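These notes are about the structure you will find just below.
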Amino acid sequence: IHLHLIRSVNLEPEKNGTCGQKYYSLTEPVTNLDPYYDFVDCTRKLAKPGVYTNDESSFSFRILKRDTAWVMDGVYDSYEKDGSGPGGFGPVFHHGVKLTGKNDEDL
């Protein structure tokens, strides 16, 4: 979705864009996620917090600034498990957070 979003609002051309080259070069297994995080970092640098629109269609999206969004990325962000994030609450969805499979330990 990262690449699709930046291309949908013309932040990167369909061909020959740096982030696209990084995406299409991803060949490492999940035991080495460094190239993937490099790709994600590339898209995050292009799509900073703000509202993005496509002048040719009615498509638009908003990227909220850190600590104000509904979703957090477990690699880039962190919150205490007790919900003591900014403002006394945390995000609703957690992307990239892996659980051990033992519910008692993960709560």
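Residue numbers for the sequence shown follow my numbering, beginning at 278 and rising by one.
All C-beta atoms, glycine included, are put in the ideal place defined by N, C-alpha and C.
Please read all numbers here as calculations on a predicted model, not as lab measurements.
### Message
Just to confirm my understanding: we take L280, look at its own chain, exclude 5 residues before and 5 after, and list those with CB closer than 7 Å. What are they?
### Response
Here residue 280 is taken as the residue at index 3 of the sequence shown, counted from 1. Once the five neighbours on either side are set aside, the close Cβ partners of L280 are C296, G297, Y300, T320.
### alpha helix (DSSP H) runs contained entirely in the stretch 291-355, provided each spans 4 or more residues
295-301, 311-323
#### Entry: Supposed close pair L303, Y313 - CB separation, criterion 8 Å
The residue you call residue 303 lines up with position 26 of the sequence shown. The residue you call residue 313 lines up with position 36 of the sequence shown. Yes, L303 and Y313 are in contact; Cβ-Cβ is about 6 Å, under 8 Å.
### Query
Around the C-beta of I278, are 16 or more other C-beta atoms found within 10 angstroms, so that it is buried, or is it exposed?
Against the sequence shown, residue 278 aligns to sequence position 1. By the neighbour-count definition (other C-beta atoms within 10 Å, threshold 16), I278 is an exposed residue.
### Query
What does a CB cutoff of less than 8 Å around E291 pick up in its chain, not counting 5 residues either side in sequence?
Walking along the sequence shown from the start, residue 291 turns up at place 14. Counting only Cβ-Cβ distances below 8 Å, and skipping sequence neighbours, we find R284, G297.
### Query
Going along the chain, which residues of its own chain have a beta-carbon closer than 7 Å to the beta-carbon of A324, five neighbours each way excluded?
Position 47 of the sequence shown, counting from 1, holds the residue named residue 324. Non-local beta-carbon contacts of A324 in its own chain, meaning distances under 7 Å to residues more than five positions away in sequence, involve L282, I283, L288, I340 in chain order.
### Query
Under the three-state reduction of DSSP, which class applies to L288: helix, strand or coil?
By one-based count along the sequence shown, residue 288 stands at place 11. In this structure, L288 counts as coil in the three-state DSSP scheme.
### Query
When the distance is taken between beta carbons, is T345 closer than 9 Å to F336?
In the sequence shown, the residue the question calls residue 336 occupies position 59. In the sequence shown, the residue the question calls residue 345 occupies position 68. Taking 9 Å as the Cβ cut-off, F336 and T345 do not qualify as a contacting pair.
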